[in-house]
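A.B. asks:
2 protein chains.
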Amino acid sequence: MLDSFFKPSSVAVIGASREPGKVGYEILKNILSSGYKGKVYPINPNATEIQGVKCYPSILDVPEPIDLGVVTLPPTLVTRIANEAATKGLKGLVIISAGFKEAGSEGAKLEQEIADICHRAGIRLLGPNCLGIIDTFTPLNASFSPDTPKLGSIAFVSQSGALGTAVLDWAVAERMGFSKFVSLGNKADLNECDILDALADEEETKVILLYLESVTDGERFLKSATTVTQKKPVIVLKSGVSAAGARAASSHTGAMAGSDLVFNVAFAQTGVVRVSTTAELFDLAIAFSTQPIPAGGNVAIVTNAGGPGVLATDACERYNLKVAPVRPETVEKLRSKLPPASGFFNPIDILGDAPASRYRFALETMMDNPDVDSLLVILTPQAMTEPEDTAKAVIEVSARFRNKPMTASFIGGGAVQKAITLLEEAQIPCYQFPESAIEAIAELTKYGERVKTTRIDTFPTIIVNRQKAAEILKSVRGGDRLTLFASEASQLASAYGIPTPLIELATTADEAALAAARLGYPVVLKIESPQILHKSDIGGVKLNVTSEQEVRDSFYELIGRARIFYPSATVIGVNVQKMVPQGREMIVGMTRDLTFGPMVMFGLGGIYVNFLKDVAFRLAPLSQEAALEMIQVTKAYTLLRGIRGEAASDIDSVVDVLLKVSKLVTDFPEINELDINPLLVYDKGKGSLALDFKVVITH
Amino acid sequence: MLDSFFKPSSVAVIGASREPGKVGYEILKNILSSGYKGKVYPINPNATEIQGVKCYPSILDVPEPIDLGVVTLPPTLVTRIANEAATKGLKGLVIISAGFKEAGSEGAKLEQEIADICHRAGIRLLGPNCLGIIDTFTPLNASFSPDTPKLGSIAFVSQSGALGTAVLDWAVAERMGFSKFVSLGNKADLNECDILDALADEEETKVILLYLESVTDGERFLKSATTVTQKKPVIVLKSGVSAAGARAASSHTGAMAGSDLVFNVAFAQTGVVRVSTTAELFDLAIAFSTQPIPAGGNVAIVTNAGGPGVLATDACERYNLKVAPVRPETVEKLRSKLPPASGFFNPIDILGDAPASRYRFALETMMDNPDVDSLLVILTPQAMTEPEDTAKAVIEVSARFRNKPMTASFIGGGAVQKAITLLEEAQIPCYQFPESAIEAIAELTKYGERVKTTRIDTFPTIIVNRQKAAEILKSVRGGDRLTLFASEASQLASAYGIPTPLIELATTADEAALAAARLGYPVVLKIESPQILHKSDIGGVKLNVTSEQEVRDSFYELIGRARIFYPSATVIGVNVQKMVPQGREMIVGMTRDLTFGPMVMFGLGGIYVNFLKDVAFRLAPLSQEAALEMIQVTKAYTLLRGIRGEAASDIDSVVDVLLKVSKLVTDFPEINELDINPLLVYDKGKGSLALDFKVVITH
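Top to bottom, those sequences are chains A and B. Start counting the first sequence at 1; every next residue gets the next number (my numbering). Start counting the second sequence at 700; every next residue gets the next number (my numbering).
So, in structure tokens, the structure goes:
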């Protein structure tokens, strides 16, 4: 896929320039100097030849077909170019030029026009406002970055062009190898999903790095990322975290959610590895691109110094890895050739005077050990240390055990520089300090576990009365409020089989008394007013009302309280509801994200919800397994299973509620927020009950 | 202090060797080549001259006085050397030689002997098994590290010699400046506290780095570190985290505590900055050693690329810094000279084509701004970028605003290498990626806040019946159990003014009935047995017992239950206690750490304690302010203040309990564990009550 970008048979530089320093000059120069073997056509009406290559006034004047056009002309000229590209039958356009959507509404209009032309003509478009594309295998450097990086298996896709080229410059100095570099720019057509899809089945790329500031199509991203991460690791650095605060928080759930949280949820559930710094992005990239995925989490550490060995051990604990146990027979083997003062129990401390041969023996013995899944070799320069010969030993041993990751940390400056270069050239990741090496091994391991344990998600059929739900929502949408009355919400819940207590709205004391008689005593009375959100704060809830007289008295008291505390509130009436037994208080909620759609929440409820924040999130639709997992990852799960002599709760019924909520919010995009607080969960076999079911819609 | 080590007037190398590669040769060479200006005396009975310096058979043969001796001889010879040093009147000895405590019991004995000799003679001893000492100001390199680092203001103290010299090698390549390097070795005499104390008032050192695997004297460390961190920052990399699991966890508190946690608590309360990786240690060291402490947390970011600016902004949020707001007048000023498409609202995005002059203007404007406390300048190499001239502009602007930290992140490789070197030479910390720069600014800011808000701790007088408490503990210590009976614990609490319900131990149903009558109904009955720790698990607690008959029935039921569930348990009897009103359940506890002594815990109690782990720790003795702070940092504080219409709790009474517990466990080192679970906290003004007070002692 996207071969017209990565492996075009011919490229036109539309806006090629004779002036060094100009974009149209530099890009042409980079294409030519990158060793590109296809045809190159500089396009410039005022030149006959640029950098030794025949120039054409327009792409329409080129006699042969053109695969890819790279455009560096000012925005106002690009519409014409797009039309010419359509006529000429180009397959792809890279628009380097800036001055489009990022520059204001004029530019946005122009960008849309061009995208439309390309779309109609079947031309895929990268950019505008991007720094181009590199494929080291083709090879083709159709980018603004003067250095083509070394051949490698890292694909780097960046939404920030400047960050992309700065990082490439750094990576070239670090001898890091890349398969592709793609600068996304404004994403008028091609976005991160197109690139992910294209790289998924492509053999040159072993790991995909994404620098993202936004995701264009959340739903598609969830699908693409889930598929691609099963085939190769995707590591993302997503910025714009601090924009999270921008979103107004209107309900409990909303207050805890936030756009950055949604990204975390989306990345976690699709298996994308999220890092928080640029340094981590490349620390992991090097490991993923050069090392195999380990079979398990047992790490061997071989070192010539105690301190760094301990630091590495600590890091293992921090990243949930295990320092591999060493069996007696292995200890015996190690003892046979290592000095008696060595550490034999991992970290294998081969002492400060270890020459390369001692390293080789320890490395071979540990790599050959079935209890070891990956290895970190640490070297500090001491009197007898042979850094370069040790590097060679590491390289040779690693080559013999291709199924186990080998990482190194040769700590030092001048004394180890040559050795580090040897390791890097041989594709052994070498980290300045041991902690980063362990972090990299941990991510390799986690990825391995994820790929190994592919879960088959089941989506049980849920029988619902969709017609009825639609009617309720339609009737509310007709009015001028956004929040459903409790009685409406209760009917909506019932339509989707979510258990709620029956609620009747009473507008007079007589009606309340009748409702109570119908429902059966004891009952609960609650004030109903769109403006009064936290009813108990004003004493707007009466529990355990046991007689008709009490119902009447309570009715007037609630109306009175509402009038006193919220004089301007519209009081709709009083809800009458049958008193229900106590249960474990949980919370289930949903907020709708602009990018990713409905996100379902589960957590501990009651007065604890706001300050404990013991919650799990997942983007809908939920599978049965996902719903159960949401419950299991919270601390509330411990409570639900029954702690310290208490009975276990009906967890199955919570799964059921989650699935039904997921279906409800997926079926009706007009439901903007949903909040069950509390969901009362009863003992195993006795179900659960959505005691307070709140729904907010959009018009 | 310790001038005989850092600035000796003469040094003897005891065990100087003529053979290159030998420790005795290399150390002498390093001393001579480091530019040391004092007298140097090689000591070797078989040579008359080494490396051009006159050699003596023994230090006793040296005609002039000797300040410092550096010993490289085998362990068995060192006792004699120590005796000679005592005779000769040396002030300090650095024992490089290994083969002491780290090699087994023989070595440990030898080490103790030597330490004793030195102690009696008033000789301070560094090591043994260390790599020596460097002072770049003297200058003196009496270490095994061949490269003397650049002059600077970082002191690096390492318990691992190999890590120390490896890091020095790396730091030399990075052009990092040091004031001192100390390899602690086995710490037979001088330990981290001696070095901290010595560096506290010394002008050459601005920041102290510690790599520690253990703390020798916890109580002294708490005092030294508290004092030193008020004068200069101390950054510690403490390893051995994963050894935490080794400690058996025998009570709730113990299960949550662990030796690494104690270190966290000790570092936090003394103001020591703890880092978790070697990379962080030096990232922070560079900033602390070169930059001023900012007045506040407002950061300005100047960048020529959007992406890295957003990453830096994200990092600000992560590290609790504020991206400085930009006032309208500043925006106007920026607008006057920056291109209209620039970002004026911080990050100040001066666009991809920014030359050095534009950087200079933006930097000056922002540094001159009273709303800005620190600045990060980001550069990515683009077409018009002038990395070196920009570096010069950064250096000049930084020099004009000496009271505000300036940090840089010039992202790239070859294109920015020269510029980075310029910045480094001018002492502007330059980080590979912007996130590390922000982390460094955050730590500078945190340190500034801590130093600024020096709290005067008050220790109110607590009137206790120490005599009575001592008697209770003494009577238990006489027996063969470690856990106090509930009735004893309740008396102990009372002696220290900790409110507990009265408890009477009944061994017969008659006694129980009499006790209930004395205490007044309703009462609570609880089984008392040293083996039955979680009484409610076996139904060993009877609440709300209201009549004599019920007391008698319950007595037999409890004894029966204990027999059934724990047939081999020793049942002491049944505790009778007056039923007390419900309150908010908190937990207070204490575990005694081998290094740091009693650590007090406070947190949310009840069934939540084990899985929420909402707890705060602090090493005793507690001040009133520290006790209040412990409460305030937990989420339980939200509950105690009263949420959602509930009354506020009596927080003062919790402070009081914490202070009394602190005093009790400080007064009696034989109290090994203490656990109040729950501490019932009542409404404001109504106090709190230690409902279950458990005390475990050591014999």
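Beta carbons: idealized from backbone N, C-alpha and C, even for Gly.
1) Looking at the secondary structure, which residues open and close the alpha helix (DSSP H) in which T445(A) lies?
2) Spell out whether any CB of chain B is found under 8 Å from the CB atom of G297(A).
3) Mind reading off the beta-carbon distance from S796(B) to L772(B)? Whole number of angstroms is fine, and I expect it under 8 Å.
4) What residues from chain A crowd round P1007(B), counting only those whose CB sits closer than 7 Å?
5) According to DSSP, is E918(B) part of a helix, a strand, or is it coil?
6) For G720(B), would you say it is in contact with chain A, using Cβ-to-Cβ distances shorter than 8 Å as the test?
7) Taking the straight line between their C-alpha atoms, what separation do you get for A956(B) and I503(A)?
8) List the residues that DSSP assigns as beta-bridge partners of M645(B).
9) Just to confirm the assignment, what range does the beta strand (DSSP E) spanning G768(B) have?
10) T277(A) touches chain B at which residues, Cβ-Cβ below 7 Å?
11) Considering F1060(B), what are the terminal residues of the alpha helix (DSSP H) in which it resides?
12) Alpha carbon to alpha carbon, what distance is there between D457(A) and F410(A)?
13) Excluding the 5 residues preceding and the 5 following L1121(B) in the sequence, name in chain order all residues of the same chain whose CB lies nearer than 8 Å to its CB.
14) Taking CB distances under 8 Å as the criterion, tell me whether G1042(B) reaches chain A.
15) Under 9 Å Cβ-Cβ, which residues of chain B neighbour E213(A)?
16) Please check the pair Y735(B) and I765(B), which I expect to be a contact at CB under 8 Å, by giving their CB distance rounded to whole angstroms.
17) Within a Cβ cutoff of 6 Å, which residues of the same chain sit near S949(B), ignoring the five residues on either side of it in sequence?
18) In the DSSP assignment, what are the bridge partners of G343(A)?
19) Return the chain-ordered list of same chain residues with a C-beta closer than 8 Å to the C-beta of L777(B), the five sequence neighbours on each side being excluded.
20) So who's on the other strand from R124(A), going by DSSP bridges?
21) Run through the region 1203-1248 of chain B for me and flag every whole alpha helix (DSSP H) of 4 or more residues, listed as ranges in chain order.
22) Quick one, which of P429(A), L691(A) and V665(A) has its alpha-carbon nearest A620(A)'s?
23) Please name the residue in V11(A), L628(A) and E106(A) whose C-alpha comes closest to that of Y56(A).
24) Please list, in chain order, the chain B residues whose beta carbon lies closer than 7 Å to that of E174(A).
25) Using DSSP's beta-bridge definition, name the partner residues of F877(B).
26) Determine the DSSP secondary structure at M406(A), reduced to helix, strand or coil.
27) Are the region 537-551 of chain A and the region 643-656 of chain A touching by the rule of at least three beta carbon pairs closer than 8 Å?
28) Given 8 Å as the limit, is there contact between the region 372-380 of chain A and the region 299-308 of chain A, that is, 3 or more CB pairs closer than that?
29) Would you kindly work out how many angstroms separate the C-alpha atoms of E213(A) and L767(B), rounded to a whole number?
30) Spatial neighbours of G45(A) within its chain, please: CB distance less than 6 Å, with the 5 preceding and 5 following residues excluded, ordered by chain position.
31) Check whether the region 975-995 of chain B touches the region 426-443 of chain A, counting contact only when three or more Cβ pairs, one atom from each stretch, lie closer than 8 Å.
32) Confirm, please, whether the CB-CB distance from V696(A) to N677(A) is below 8 Å.
33) For chain A, check one thing: does any of its Cβ atoms lie closer than 8 Å to the Cβ of S938(B)?
34) Relative to the alpha-carbon of Y1018(B), which residue among S1041(B), V1025(B) and L1010(B) has its alpha-carbon at the smallest distance?
35) Of the residues H699(A), A295(A) and V464(A), which one's Cα is nearest the Cα of K404(A)?
36) Is it true that the CB of V172(A) sits closer than 8 Å to the CB of L209(A)?
C.D. replies: Short version:
1) P434 to K452
2) no
3) 6 Å
4) L163
5) helix
6) yes
7) Low confidence applies to A956(B): its pLDDT is 39, below 50, so where it sits in the model is not reliable enough to give any reading.
8) Given a span of 700 to 1398 for chain B in the structure shown, any question on residue 645(B) remains unanswerable.
9) L767 to V770
10) Close to T277(A), with beta-carbon spacing below 7 Å, are these residues of chain B in chain order: F1132 and E1134.
11) Counted as a single uninterrupted DSSP element, the alpha helix (DSSP H) harbouring F1060(B) occupies residues A1055 to M1066.
12) 44 Å
13) E1087, A1090, K1091 and I1094
14) no
15) G1005, G1006 and V1009
16) Contact flag wrong, Cβ pair sits at about 14 Å.
17) Residue placement at S949(B) cannot be trusted, given a pLDDT of 27 that sits under 50; what the coordinates show is reported in the next sentence. Nothing listed; no residue qualifies.
18) D349(A)
19) In the sequence under discussion, the amino acid at residue 777(B) is Val, which differs from the Leu named in the question. These residues qualify, in order along the chain: V770, I794, S796, L809, I813 and P827.
20) G92(A)
21) Assignment of alpha helix (DSSP H) within the region 1203-1248 of chain B, counting only whole runs of 4 or more residues, yields 1208-1218 in chain order.
22) The option with the nearest alpha carbon to A620(A) is V665(A).
23) V11(A)
24) G1112
25) I853(B)
26) strand
27) No, because fewer than three Cβ pairs between the region 537-551 of chain A and the region 643-656 of chain A fall closer than 8 Å, the two stretches do not touch.
28) yes
29) 60 Å
30) For the sequence presented, residue 45(A) should be read as Pro rather than Gly. Here the set comprises P57.
31) In the pairwise beta carbon analysis, the region 975-995 of chain B is classified as touching the region 426-443 of chain A: at least three pairs are separated by under 8 Å.
32) no
33) yes
34) Ranking the options by Cα distance to Y1018(B), first place goes to L1010(B).
35) Its Cα nearest to that of K404(A), the residue A295(A) stands out among H699(A), A295(A) and V464(A).
36) no
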